[in-house]
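Take a look at the structure below.
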Amino acid sequence: MKTLISTLLLTLLSCSASAQEDDNVYFCQGVAEAVSSIQYGRAYGLKDEANDAVKYIASLSAEAEYDLLPYIDAFIRSSSPLPSAWTEILFTHACVYSYVDDTEQVKRISRQLPFQCDVNEPDIDCFNGVLERILDNRVI
269 MKTLISTLLL
279 TLLSCSASAQ
289 EDDNVYFCQG
299 VAEAVSSIQY
309 GRAYGLKDEA
319 NDAVKYIASL
329 SAEAEYDLLP
339 YIDAFIRSSS
349 PLPSAWTEIL
359 FTHACVYSYV
369 DDTEQVKRIS
379 RQLPFQCDVN
389 EPDIDCFNGV
399 LERILDNRVI
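Quick note: the sequence shown uses this note's numbering, first residue 269, plus one each step.
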C-alpha cells in the first residue's frame, strides 16, 4: 500500500516539493474521507454498490491499475471499534506517514484512542496526544 500511495501521488502530482507535501495531505484527506464514508455506510446498511465512496475508490483503483478496496477493508477492520470520524483522522495520519498497510500499528493506535479520547467527539489534539504518549512509551 505504501508503494501504491506513492505511485498514485507521483502519478497525480507534479508540483514543487512544498506544494507536493500539501497535495499529499489533501490527497490523504480525500481518501480518508472516502474510507470513513465506506465504514459509515456499511455500519448503517448501505450496500457498497450504492456508496459513492466505494465508486471513488474504484476510480482510484482503475487509475492505479491496482485494487485498493482490500487494503481499505483491512484498514477499517484494523481500526475497529473506532467510529468513522476517528477512522478518517487515523487514515489521514497513516496515509501521510506511510503506515496505512501496517495493520498492527493501526490496531495499537485504535485500541488506545477509546481509553484516552471521547470517541463520540473527534479531536485532533487528543489524537496527537495519544500518538505522543505511544511514541514516548516506544509502542510504535
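Here a beta-carbon is modelled for each residue, glycine too, at the ideal position from N, C-alpha and C.
Residue 315, DSSP secondary structure in three states: Here residue 315 refers to the residue found at position 47 of the sequence shown. Note: residue 315 maps to coil in three-state DSSP.
Reduced DSSP category for residue 333 - H, G, I as helix; E, B as strand; rest coil: Taking the first residue of the sequence shown as position 1, residue 333 is located at position 65. Here residue 333 sits in coil by DSSP.
Cβ-based burial, residue 295 [other Cβ within 10 Å; buried from 16]: In the sequence shown, counting from the first residue as 1, residue 295 sits at position 27. The residue in question, residue 295, is buried, as its Cβ has 16 or more Cβ neighbours within 10 Å.
Coil, strand or helix - residue 405 by DSSP: Translated into positions along the sequence shown, residue 405 becomes position 137. Note: residue 405 maps to coil in three-state DSSP.
Same chain only: Cβ atoms within 8 Å of residue 401, ignoring 5 sequence neighbours per side: Here residue 401 is taken as the residue at index 133 of the sequence shown, counted from 1. Only 380, 384 meet the Cβ criterion.
Buried or exposed by the 16-neighbour rule on C-beta atoms within 10 Å, applied to residue 344: For the purposes of this step, residue 344 is identified with residue 76 of the sequence shown, where counting begins at 1. Buried: at least 16 other Cβ atoms inside 10 Å.
Best match in 330, 368, 319 for proximity to residue 342 [C-alpha to C-alpha]: Counting from 1 along the sequence shown, the entry for residue 342 is found at position 74. Here the closest residue by C-alpha is 368.
Distance CB(residue 327)-CB(residue 335) smaller than 8 Å: Within the sequence shown, the letter at position 59 stands for residue 327. Within the sequence shown, the letter at position 67 stands for residue 335. No; because the gap between Cβ atoms is not below 8 Å, this pair is not in contact.
Of the listed residues 365, 397, 349, nearest to residue 311 (C-alpha basis): To locate residue 311, count along the sequence shown from 1; it is residue 43. Closest option to residue 311, Cα to Cα, is 349.
C-beta contact flag for residue 357 and residue 395 at 8 Å: If you number the sequence shown from 1, residue 357 lands on position 89. If you number the sequence shown from 1, residue 395 lands on position 127. It is a contact, given that the beta carbons lie within the stated cut-off.
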